[in-house]
Amino acid sequence: MRPRAWVLVLAAVFALLQLANVTGRDTPDTKNYLAYALSLSGRDKRATAEATIDYVCDGKASLARRAQSVHVVRFHRPDPTARVTTGCREREWRTVETRLRAGQTGGHTVPFMPERFMRIFEVRPGYPAFLVPFVAAFGVTWGLWAASVVVAAAGGVLAFLVLRTLSVPVPLALTGQALYYVLPCGTTAMRPMTEGLLLALTLAALWGCALAVRGRRAGLALAGGSLAALFTVKHSQALFLGVCLAAAGALIAVRRRRRGRPPGRAVPALGLIGLGAALATVVLARLLHYPSESDSLQDLLTGHFARPDRERPWPEFWQLQGNFWGEWLRRQAWQPLFAAALGAGVWGALRRPVFGGFLVAAAATGFLTQAAHPDINIWGERLIVLAWLLPVVGIPLLLEPVVRARVPVPAQGHVSRTEPVR
């Protein structure tokens, strides 16, 4: 089959496997994004709350039923679906009704949490807007599932396109796509949260970097457009990626000049695009009165504003940082798959120092996101998931010499005369 056919086959197999879990993938953040999407589609506050609470409680009931069915003591007990659904609905409606009566009726979301916390989600319209057509076409449950499948499958396809742009042989490009699906990238992208779009847009920016270093001007536009789209989904990610791309561009340019090799136009241009995106993010966030880093810090240290604000948050934050990374390193030593995958990814990235620098920069945003929220128990380490892009793209680059040595591969792709690939 042609490469395109294999790409579609891998994406289709991944999508079929996701039918195993249509419900029960949601997290506490999901209801905020879903409520936003339903509000954008024209529903009033009460109808939005009803549909959102039904979805959340159906998911909890599904998980409870599945858990009981394999519990060694309780598997023969009556189906808990009705009991769990009723209890969940009562709790959620009690909270929402109380906050609505207290006057917390503004914005697009439903007041499941304090107003300061909900404000964080109000400034992230990108993902809810992405959900709207899916929810309108398929309803809430299947709409969220379909949206997750599309964005997760797209991430794998983008990984393939990045590798093919670098002239990596088709089998290894398909390997990168498969790695995206089977590593935590695919699992996290299937959760109805912003992470799926963040992964896809970051890969789109990396594709732009790959095109640019191959001499294609369209790559600069793609990288800039991806950063602009990231701002609407989660502006902190646009800031982190912009800063990291700017730093990578500067370091690569300095390194090449010291070796007597001109950096070309693409590397400084990508660095400037990253710097411009970072500065624009800071300025726009201030002009639009987005929640500040102080708000984010208080949210972290007060358990989502459930306690009074901390008087000296920064010293506490830095103490928590030290504790977090010490515990994180201990857990990585216990289960070193992530560390091994990162090492292999860096090794592969070193084979393409120009593009590899931007790849490492994009992966570094996962560590920055985690450092901004040093919570050791947050939903399967989803905050650091962007770091998994390093092995997704880097491991096929690492294996490239082995494949080329065993299988004759004709020259592929366009190589710029003015911008060396390596």
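Residues -20 to -1, 1 to 402 in mature numbering (1 follows the signal peptide of the UniProt record, and there is no 0) are what the sequence shown spells out, letter by letter.
Using N, Cα and C, we set each Cβ at its ideal position, and we do this for glycine too.
Assuming Ala41 contacts Thr61 (C-beta within less than 8 Å), just tell me the rounded distance between them. If you number the sequence shown from 1, residue 41 lands on position 61. If you number the sequence shown from 1, residue 61 lands on position 81. About 5 Å separates the Cβ atoms of Ala41 and Thr61, confirming a contact at the 8 Å cut-off.
Give a yes or no on contact between the region 333 to 350 and the region 364 to 383, applying the rule of three or more CB pairs nearer than 8 Å. As far as the Cβ criterion goes, the region 333 to 350 touches the region 364 to 383, which means the pair count is three or higher.
Short Cβ contact (8 Å threshold) for Pro371 with Leu143: In the sequence shown, residue 371 corresponds to position 391, counting from 1. In the sequence shown, residue 143 corresponds to position 163, counting from 1. With respect to Leu143, Pro371 sits apart: the two C-beta atoms are not nearer than 8 Å.
Can you give the Cα-Cα distance for Ala260 and Leu138, rounded to whole angstroms? The residue labelled residue 260 in the question sits at position 280 within the sequence shown. The residue labelled residue 138 in the question sits at position 158 within the sequence shown. The straight-line gap from Cα to Cα measures roughly 26 Å.
Do Leu43 and Ala31 have their CB atoms nearer than 8 Å? Along the sequence shown, read from residue 1 onward, the residue named residue 43 stands at position 63. Along the sequence shown, read from residue 1 onward, the residue named residue 31 stands at position 51. In this structure, the beta-carbon distance from Leu43 to Ala31 does not fall below 8 Å.
Through-space distance from Tyr35 to Val193, alpha-carbon basis: By one-based count along the sequence shown, residue 193 stands at place 213. By one-based count along the sequence shown, residue 35 stands at place 55. Between Val193 and Tyr35, the C-alpha separation is close to 45 Å.
Tell me whether Ser272 is buried or exposed, calling it buried when 16 or more other Cβ atoms sit within 10 Å of its Cβ. To locate residue 272, count along the sequence shown from 1; it is residue 292. Exposed is the label assigned to Ser272, since fewer than 16 other Cβ atoms lie within 10 Å of its Cβ.
Does the pairing of the region 315 to 329 with the region 119 to 139 give three or more beta-carbon distances under 8 Å? The region 315 to 329, when compared against the region 119 to 139, does not touch it at the 8 Å Cβ threshold.
Quick check: the Cα distance between Arg(-17) and Gly83, rounded to an integer number of angstroms? Position 4 of the sequence shown, counting from 1, holds the residue named residue -17. Position 103 of the sequence shown, counting from 1, holds the residue named residue 83. Arg(-17) and Gly83: Cα-Cα distance of roughly 54 Å.
By the three-class DSSP mapping on this structure, what secondary structure does Val(-12) have? Here residue -12 corresponds to residue number 9 of the sequence shown, with the count starting at 1. Note: Val(-12) maps to helix in three-state DSSP.
Using only the heavy atoms of the ligand ADP, determine whether one of them is closer than 7 Å to the beta carbon of Thr155. The ligand ADP is absent from the structure shown, which contains no ligands of any kind.
Are the CB atoms of Gly283 and Ala329 within a distance shorter than 8 Å? Against the sequence shown, residue 329 aligns to sequence position 349. Against the sequence shown, residue 283 aligns to sequence position 303. When the beta-carbon positions are compared, Ala329 and Gly283 stay at least 8 Å from each other.
Can you give me the start and stop residues for the alpha helix (DSSP H) that Ile232 sits inside? In the sequence shown, counting from the first residue as 1, residue 232 sits at position 252. Here the alpha helix (DSSP H) through Ile232 covers His215 to Arg238.
Who are the Cβ neighbours of Gly166 in its own chain at under 8 Å, not counting the five residues just before and after it? Counting from one through the sequence shown, the residue named residue 166 turns up at place 186. Closer than 8 Å at the Cβ level, and outside the excluded window around Gly166, lie Phe(-7), Ala132, Gly135, Gly136 and Tyr160.
Look at the Cβ atom of Leu152, then the Cβ atom of Pro376, and state whether they are nearer than 8 Å. As a working mapping, residue 152 is identified with position 172 in the sequence shown. As a working mapping, residue 376 is identified with position 396 in the sequence shown. Yes, the pair counts as a contact, with Cβ atoms nearer than the cut-off.
Pick from Val64, Leu191, Phe55 and Lys11: whose alpha carbon is nearest that of Thr121? By 1-based counting over the sequence shown, the position of residue 121 is 141. The option with the nearest alpha carbon to Thr121 is Lys11.
Alpha carbon to alpha carbon, how far is Val76 from Ala265? Locating residue 76 in the sequence shown gives position 96, counting from the first residue. Locating residue 265 in the sequence shown gives position 285, counting from the first residue. Pairing Val76 with Ala265, the inter-Cα distance amounts to about 29 Å.
Enumerate in chain order the residues of its own chain whose CB-to-CB distance from Thr174 is below 6 Å, with the five nearest sequence positions on each side excluded. Along the sequence shown, one-based indexing puts residue 174 at 194. Hits under 6 Å: Tyr107, Val213 and Lys214.
With DSSP run on the structure shown, which of helix, strand or coil describes Val103? Stepping through the sequence shown from its first residue, residue 103 is reached at position 123. It is coil, neither helix nor strand.
Please state the DSSP three-state secondary structure of Tyr270. Taking the first residue of the sequence shown as 1, we reach residue 270 at position 290. In this structure, Tyr270 counts as coil in the three-state DSSP scheme.
Once you ignore the five residues that flank Trp327 on each side, which residues in its own chain have a CB closer than 8 Å to its CB? Numbered from its first residue, the sequence shown carries residue 327 at position 347. The residues are Gly374 and Leu378.
The alpha helix (DSSP H) with Ile356 in it runs from where to where? Numbered from its first residue, the sequence shown carries residue 356 at position 376. For Ile356, there is no enclosing alpha helix (DSSP H), since its DSSP letter is neither H nor E.
Can you give the Cα-Cα distance for Gly199 and Val262, rounded to whole angstroms? Position 219 of the sequence shown, counting from 1, holds the residue named residue 199. Position 282 of the sequence shown, counting from 1, holds the residue named residue 262. Distance from the CA of Gly199 to the CA of Val262, rounded to the nearest whole angstrom, comes to 24 Å.
Buried or exposed for Asp59, going by 16 or more other Cβ atoms inside 10 Å? As a position in the sequence shown, residue 59 is number 79, starting the count at 1. Asp59 should be labelled exposed.
I think Leu210 touches Leu221, with their Cβ atoms under 8 Å apart; what is that distance to the nearest whole Å? Within the sequence shown, the letter at position 230 stands for residue 210. Within the sequence shown, the letter at position 241 stands for residue 221. Rounded, the Cβ-Cβ distance is 6 Å, consistent with contact.
So Leu191 and Thr145 are in contact, right, with Cβ under 8 Å, and what is the actual spacing, rounded? Along the sequence shown, one-based indexing puts residue 191 at 211. Along the sequence shown, one-based indexing puts residue 145 at 165. Confirmed, about 6 Å.
Starting from Val150, trace the alpha helix (DSSP H) both ways and give me its first and last residue. Counting from one through the sequence shown, the residue named residue 150 turns up at place 170. Residues Val150 to Val162.
Roughly how many angstroms separate the alpha carbons of Trp298 and Asp289, rounded to a whole number? Translated into the one-based positions of the sequence shown, residue 298 becomes position 318. Translated into the one-based positions of the sequence shown, residue 289 becomes position 309. Computed Cα separation, rounded: 16 Å.
Quick one: what does DSSP say Pro8 is sitting in, helix, strand or coil? Numbered from its first residue, the sequence shown carries residue 8 at position 28. Three-state result, Pro8: coil.
If you draw a straight line from the C-alpha of Glu291 to the C-alpha of Arg331, how long is it? Looking up residue 291 in the sequence shown gives position 311. Looking up residue 331 in the sequence shown gives position 351. A direct Cα-to-Cα measurement between Glu291 and Arg331 gives close to 49 Å.
Apart from the five residues on each side of it in sequence, which residues of its chain come closer than 8 Å, Cβ to Cβ, to Ala109? Within the sequence shown, the letter at position 129 stands for residue 109. Once the five neighbours on either side are set aside, the close Cβ partners of Ala109 are Ala17, Leu20 and Thr212.
I need the DSSP call for Pro242, collapsed to helix, strand or coil. Translated into positions along the sequence shown, residue 242 becomes position 262. Secondary structure of Pro242 (DSSP, three-state): coil.
Buried or exposed: Ile356, going by 16 or more other Cβ atoms within 10 Å of its Cβ? For the purposes of this step, residue 356 is taken as residue 376 along the sequence shown, with counting starting at 1. Looking at its Cβ environment, which holds fewer than 16 other Cβ atoms inside 10 Å, Ile356 is exposed.
By how many angstroms is the C-alpha of Leu309 removed from the C-alpha of Gln157? On the sequence shown, residue 157 is found 177 positions in, with the first residue counted as 1. On the sequence shown, residue 309 is found 329 positions in, with the first residue counted as 1. It is roughly 28 Å from the alpha-carbon of Gln157 to the alpha-carbon of Leu309.
Check each candidate in Gln278, Leu252 and Gly205 and name the one with the smallest Cα separation from Ala228. Here residue 228 refers to the residue found at position 248 of the sequence shown. If we check each option's Cα against that of Ala228, Leu252 comes out closest.
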